[in-house]
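Below is one structure, written out as structure tokens; comments come after it.
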Amino acid sequence: MPHKGEKGKASMFKRIRAYYSQEATSRRAVEREWRKQRELAGPYGSSHVEEIDAIFSRHL
């Protein structure tokens with residue numbers, strides 16, 4: 016019979032695998048680029064930042 020914590024460990028490993036799935040990796044890459052582009056658009060005003068947000072929000 017498995018120990019009391021065995022089920023919790025299996026569940027934790029499933030979450031870790033899901034986190035590192037291809038989809039999650041792609042999403043993190045898009046979010047990273049989004050942050051980068053927002054920083055670059057910042058000096059040009061809020062309308063530029065809003066445009067970046069509109070573009071990237073379509074991809075998530």
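If you're matching positions, the sequence shown starts at 16 in our numbering and goes up one per residue.
Even glycine gets a Cβ: it sits at the ideal position worked out from N, Cα and C.
Quiz item: Does the ligand GDP have a heavy atom nearer than 7 Å to the CB of G57?
Solution: Questions concerning the ligand GDP fall outside what the structure shown contains, since it holds no ligand whatsoever.
Quiz item: Taking C-alpha atoms, which residue in M27, R30 and V64 lies nearest to K3?
Solution: No answer is possible for residue 3: the residues shown for the chain start at 16 and end at 75.
Self-check item: Enclosing alpha helix (DSSP H) for L55 [first to last residue]
Solution: Unbroken alpha helix (DSSP H) run through L55: Q37 to A56.
Quiz prompt | Close-in-space but distant-in-sequence residues of the same chain around E66 (CB under 8 Å, 5 per side omitted) | solution = So the qualifying residues of the chain are A56.
Practice problem: With DSSP as the reference, label R73 as helix, strand or coil. | Solution: In the structure shown, R73 adopts coil according to DSSP, grouped into three states.
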